[in-house]
Ligand SMILES: Cc1cc2nc3c(=O)[nH]c(=O)nc-3n(C[C@H](O)[C@H](O)[C@H](O)COP(=O)(O)OP(=O)(O)OC[C@H]3O[C@@H](n4cnc5c(N)ncnc54)[C@H](O)[C@@H]3O)c2cc1C
């Protein structure tokens, strides 16, 4: 749409936010012939470079394929059939297909998912305005809601039939729901993740989740030549406080085993700190406003669920919006919040359990340490416990 727009735009669905949720929703609506306008406060380069999630459940990968966004993902994504747990200098591999009836995950970065969806939208979909900040959602409880926004220094309005709040945890959509109608559930954690990107091939061919008395560590990957690595650090840590040498030393300490495995080191190209939070906003609908993804819920990243939940919400919402728009049938929209929240709470439960099992709480006692080790040992020796982890990790059904 370039820089041309009128201060009042009319569309069927106003989508606030061009993260994975907003972009996939726009694509699904384009494919069904339902028009939409996407407002994104940041510029395109920022959205395409923002380092975040990287594990796609099978249901997420299938949803992207069905949306026509799976071509590059299938060429460049790295299929992973398991993860490794490390504790007490031992390792245990959890084999997903044999425990779940064939399911696995795909490693493909959120940055790439967003690039693919942006390219699709710009090559023939409806408007996608970068640098367009939504200021407020108005009249959500009526049949003609509106979104006020600012773009290139001017204020404008999108008049629509439905609003999708896909604007992440810090967006404006949630504020349109009267507080008296909202119930929120939240847990914050006294630790965070220091995440780095390094120009070095991964040290292991699958993800490594390590529990250590000094804290959690995760060895992950972006491509065959780029590693993504994380360390548990105290809440409020500044990434600049850690030298690159200290980061490598600490990763080596926490992931070390007694069988000769070695961590590969290389140049660190980016480092940042992610706080940990669990959060759910209920309900996920207010009138004609529908909240999706991080706008409605946050999980700590230990279970790799954030991006996958956003995709689940959007698949459910797109189906309901298309049905309502075409036939007036409200059943899907009426069920939207409850359908998503069932899945969300399963992801909250799993993400919390993984976080509690693998991170060292600052107040942990020797008793707590032994409980964590007992839980890991149970997974390593009991098929039902291992299968429970594998099923939750590879994903909850999208319906
Ligand atoms: C630093 C970080 C690291 C993460 N790492 C992982 C991980 O390793 N694994 C994992 O599973 N999950 C991870 N997550 C979570 C995962 O990335 C999110 O769950 C996912 O991005 C949710 O997608 P979304 O589209 O709902 O929200 P977002 O990706 O947050 O997208 C929201 C979009 O809305 C835009 N926006 C906000 N306000 C406005 C406004 N007023 N007007 C217009 N646009 C607006 C934002 O700029 C953004 O582009 C991480 C999250 C963060 C913050």
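In UniProt numbering, the protein residues as written are 1 to 399.
Cβ atoms here follow ideal geometry from the backbone N, Cα and C, with glycine treated the same way.
- If one requires a minimum length of 3 residues, the beta strand (DSSP E) runs lying completely within the region 65–120 are 78–80, 82–87, 90–95, 105–107, in chain order.
- Among the bridge pairs identified by DSSP, residue 218 is matched with 209, 230.
- Burial state of residue 248 is buried, judged by a 10 Å Cβ sphere holding 16 or more other Cβ atoms.
- Using a C-beta cut-off of 8 Å, the region 266–283 makes no contact with the region 122–132, since fewer than three inter-stretch Cβ pairs fall below that distance.
- 59 is the residue among 59, 246, 186, 229 whose C-alpha sits nearest the C-alpha of residue 392.
- 8 Å or more divides the Cβ of residue 387 from the Cβ of residue 378.
- Assigned with DSSP and collapsed to three states, residue 284 falls in coil, not helix or strand.
- For residue 212, same chain residues with a beta-carbon under 6 Å away, outside a window of 5 residues either side, are 254 in chain order.
- Here DSSP, grouped into helix, strand and coil, assigns residue 338 to helix.
- Within the same chain, 56, 61, 77, 79 come within 6 Å of residue 106 by CB-CB distance, once the 5 residues on both sides are set aside.
- For residue 367, there is no enclosing beta strand (DSSP E); the residue is part of the alpha helix (DSSP H) that begins and ends at 366–381.
- In the three-state reduction of the DSSP assignment, residue 165 falls in the strand class.
- Secondary structure note for residue 321: its alpha helix (DSSP H) is the uninterrupted segment 306–327.
- Put simply, the backbone Cα of residue 374 is about 14 Å away from that of residue 210.
- Taking a contact to require three or more Cβ pairs closer than 8 Å, the region 262–274 and the region 192–212 qualify as touching.
- By the C-beta density criterion, residue 8 is exposed, having fewer than 16 other C-beta atoms within 10 angstroms.
- At the C-beta level, residue 121 and residue 27 come within 8 Å of one another.
- In the structure shown, residue 198 falls within a strand segment according to DSSP collapsed to helix, strand and coil.
- At least one heavy atom of ligand 1 sits closer than 7 Å to the Cβ of residue 41.
- Counted as a single uninterrupted DSSP element, the beta strand (DSSP E) harbouring residue 156 occupies residues 154–159.
- In the three-state reduction of the DSSP assignment, residue 150 falls in the strand class, which pools E and B.
- Counting the other Cβ atoms within 10 Å of the Cβ of residue 190 gives fewer than 16, which makes it exposed.
- In this chain, the alpha helix (DSSP H) harbouring residue 254 covers 244–255.
- Here residue 137 is not near residue 149, since their CB atoms are 8 Å or more apart.
- For residue 186, the closest C-alpha among the options 347, 307, 299, 14 is that of 299.
- When the five nearest sequence neighbours on each side are left out, the beta carbons in the same chain lying within less than 8 Å of the beta carbon of residue 47 are those of 18, 19, 40, 114, 118, 130, in order along the chain.
- Annotation for residue 48: the continuous alpha helix (DSSP H) segment containing it runs 44–49.
- Straight through space, the alpha carbons of residue 146 and residue 262 are spaced by roughly 57 Å.
- The distance from the Cβ of residue 360 to that of residue 215 is about 5 Å, consistent with a contact at the 8 Å cut-off.
- The three-state secondary structure of residue 351, taken from DSSP, is helix.
- Residue environment analysis places residue 329 among the exposed positions, since fewer than 16 neighbouring C-beta atoms fall within 10 angstroms of its C-beta.
- The Cβ-Cβ distance between residue 289 and residue 343 does not fall below 8 Å.
- Assignment of residue 40 by DSSP, reduced to helix, strand and coil, places it in the strand class.
- With 16 or more neighbouring CB atoms inside 10 Å of its own CB, residue 231 falls in the buried class.
- For residue 56, the enclosing beta strand (DSSP E) starts and ends at 55–57.
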